[in-house]
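**Student:** Numbered per our numbering, the sequence shown spans residues 230 to 604.
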Amino acid sequence: MSKSFLPPQRILHGPGPSNIHPRVLEAMARPTVGHLDPLFVELMDEIKSLLKYVFKTENDVTFPISAPGSVGMEACIVNVVEPGDKVAVCINGVFGGRMKDIIERCGGIAVPVEFDWGTVVDTNKVEEVLSTDNEIKVLAFVHAETSTGAMSDAKTLAQIAQSHDCYTIVDTVTALGGIPLLVDEWGLDAVYSGSQKCLSCPPGLSPVTFNQKAIDKIQNRKTKVQSWFSDLNLVLSYWGSGSKRAYHHTAPINALYALHESLLIIQEEGIESSWDRHKKNGDYFCSKVKELGLEPFGKDEERLPQLVPIKVPEGIEEAKVRSILLNEFNTEIGAGLGALAGKVWRVGLMGYSSSRESIDKLIEALKYALNKSKE
Ligand SMILES: *Cc1c(COP(=O)(O)O)cnc(C)c1O
230 MSKSFLPPQR ILHGPGPSNI HPRVLEAMAR PTVGHLDPLF VELMDEIKSL
280 LKYVFKTEND VTFPISAPGS VGMEACIVNV VEPGDKVAVC INGVFGGRMK
330 DIIERCGGIA VPVEFDWGTV VDTNKVEEVL STDNEIKVLA FVHAETSTGA
380 MSDAKTLAQI AQSHDCYTIV DTVTALGGIP LLVDEWGLDA VYSGSQKCLS
430 CPPGLSPVTF NQKAIDKIQN RKTKVQSWFS DLNLVLSYWG SGSKRAYHHT
480 APINALYALH ESLLIIQEEG IESSWDRHKK NGDYFCSKVK ELGLEPFGKD
530 EERLPQLVPI KVPEGIEEAK VRSILLNEFN TEIGAGLGAL AGKVWRVGLM
580 GYSSSRESID KLIEALKYAL NKSKE
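Listed below in structure tokens is the structure:
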């Protein structure tokens, strides 16, 4: 006989998911109602307005896609990019590479603008690319590159795109809630995020927001969006404001209870305070890491406070340290990916996992694990 799965209480300091606030888990266990129940429709409206608050936008088209962040990425790209559209895509880690793949799968012509892993997107190089090729219509980039810990300058990149009449597609999966993100003020066009990073909600939902400029492009497409599920023209009959809330798919009802609760918690704290907390805790963690004789990877001013990569010192087996942390401290940290595999650990300090108390425990555990790994 199989038995119920009873997971241990892990402390999640990896690249996502982050720990879930007990209030959010409790919300998720509440009774399921029908997805067209008037009470649920009201909840959908509230989720939309809370998402507008965290994204700092007045965009009507702001809602959670019923799928993980990668589907939010797909939704932005498949809707905005038409076959033949030239898209400059900035690649400074895993997720820029994934954007390029999706752009090509939907018939776009990707123009990769590549940077060393661990560095930010160089705005001068982007300016140069957009000014030499005026057929480029869209600029795609990752605000917070979780695979390396690099924080790119989304505000300046958006200004450059606007000065060349380009639309922007922006990955804010790890950014949202963790670092300043001002969708309207910066004029970002199509933006997606994820529930399990700084929102501290279980994975499986992807908040997105589109401004009127992006919606106009989508509504004037010459070709159908090739994904039925992600076609905004169809999804908006369900999530759109003033829509009849006609059946499109069945929303993940209990997952949305969780998202609602996690957004309430951020609203109670204040989005700006959430950014400040991540910054302070990120700085605190880096100072403690240095006291241990370790070195954060990348430049101080370009590093995300919510995802700190640490260089693996000479003579230390990186996987051994992670397994000591997991087995003896129930604590997860992330490994390096791609070009950084084996070279760094990635420590997530996201959402509910970004607290002084949790950092102090993690530092003690790291100290022990480093010593023990040498035995
Ligand atoms: C986690 C992440 C994604 C993908 O989100 P999933 O929920 O894993 O599909 C995309 N972009 C960035 C920057 C991420 O950190």
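Quick reminder that beta carbons are idealized off the backbone N, C-alpha and C, glycines included. Everything numeric in this text was worked out from a predicted model, so none of it was measured.
#1: Would you give the residue range spanned by the beta strand (DSSP E) that T397 belongs to?
#2: Which residues in the same chain as T401 place their Cβ atom closer than 6 Å to its Cβ, once the five residues preceding and following it in sequence are excluded?
#3: Looking only at its own chain, which residues have a Cβ that is under 6 Å from the Cβ of M194, when we skip the five neighbours before and after it?
#4: Measuring straight from C-alpha to C-alpha, what distance separates L386 and V355?
#5: Apart from the five residues just before and just after T479, which ones in its own chain have a Cβ nearer than 6 Å to its Cβ?
#6: Does DSSP put V300 in a helix, a strand or coil?
#7: Hey, V253 and S491 are a contact pair by Cβ (cut 8 Å); roughly how many whole angstroms apart?
#8: Would you tell me roughly how many angstroms separate the C-alpha atoms of S429 and A258, rounded to the nearest one?
#9: Examine ligand 1 and report whether any of its heavy atoms sits within less than 7 Å of the Cβ of V402.
#10: Does the distance between the C-beta of F324 and the nearest non-hydrogen atom of ligand 1 fall short of 7 Å?
#11: According to the neighbour-count rule (16 or more other Cβ atoms, all chains shown, within 10 Å of its Cβ), is Q606 buried or exposed?
#12: Is S557 near ligand 1, with its Cβ less than 7 Å from a heavy atom?
#13: Look at L241 and S503 and say whether their C-beta atoms are less than 8 Å apart.
#14: With three or more beta-carbon pairs closer than 8 Å as the criterion, would you say the segment 374-390 touches the segment 521-541?
#15: Check whether the Cβ atoms of A304 and V437 lie closer than 8 Å to each other.
#16: For ligand 1, is there a heavy atom less than 7 Å away from the beta-carbon of E374?
#17: So, helix, strand or coil for I320, using DSSP?
#18: According to DSSP, simplified to helix, strand and coil, what is V307?
**Tutor:** In terms of the structure at hand:
#1: Within the sequence shown, numbered from 1, the residue matching residue 397 stands at position 168. Where T397 is concerned, the enclosing beta strand (DSSP E) stretches over Y396 to D400.
#2: As a position in the sequence shown, residue 401 is number 172, starting the count at 1. Answer for T401: H372, L410, V420 and S422, listed in chain order.
#3: Any answer about residue 194 is impossible in this case: the structure gives the chain only from 230 up to 604.
#4: Mapped onto the sequence shown, residue 386 falls at position 157. Mapped onto the sequence shown, residue 355 falls at position 126. Looking at the backbone, the Cα of L386 and that of V355 are separated by about 8 Å.
#5: Numbered from 1 along the sequence shown, position 250 holds the residue referred to as residue 479. Cβ neighbours of T479 within its own chain (closer than 6 Å, five residues either side excluded): H264.
#6: To locate residue 300, count along the sequence shown from 1; it is residue 71. Here V300 sits in helix by DSSP.
#7: Stepping through the sequence shown from its first residue, residue 253 is reached at position 24. Stepping through the sequence shown from its first residue, residue 491 is reached at position 262. Indeed they touch by this definition, with Cβ atoms about 5 Å apart.
#8: For this step, residue 429 is matched to residue 200 along the sequence shown. For this step, residue 258 is matched to residue 29 along the sequence shown. Cα to Cα, S429 sits roughly 16 Å from A258.
#9: In the sequence shown, the residue the question calls residue 402 occupies position 173. At least one heavy atom of ligand 1 is nearer than 7 Å to the Cβ of V402, so yes.
#10: The sequence position of residue 324 within the sequence shown is 95, counting from 1. Flag set: Cβ of F324 near ligand 1.
#11: Since the first and last residues shown for the chain are 230 and 604, residue 606 lies out of range.
#12: As a working mapping, residue 557 is identified with position 328 in the sequence shown. Inspection of the sequence shows that residue 557 is occupied by Glu rather than by Ser. Checking every heavy atom of ligand 1 against the Cβ of E557, none is found closer than 7 Å.
#13: In the sequence shown, residue 241 corresponds to position 12, counting from 1. In the sequence shown, residue 503 corresponds to position 274, counting from 1. Result no, Cβ atoms of L241 and S503 do not sit closer than 8 Å.
#14: yes
#15: In the sequence shown, the residue the question calls residue 304 occupies position 75. In the sequence shown, the residue the question calls residue 437 occupies position 208. Yes, these two residues count as a Cβ contact at 8 Å.
#16: Stepping through the sequence shown from its first residue, residue 374 is reached at position 145. Checking every heavy atom of ligand 1 against the Cβ of E374, one is found closer than 7 Å.
#17: The sequence position of residue 320 within the sequence shown is 91, counting from 1. The answer is strand: DSSP assigns I320 an E or B state.
#18: Locating residue 307 in the sequence shown gives position 78, counting from the first residue. Here V307 sits in helix by DSSP.
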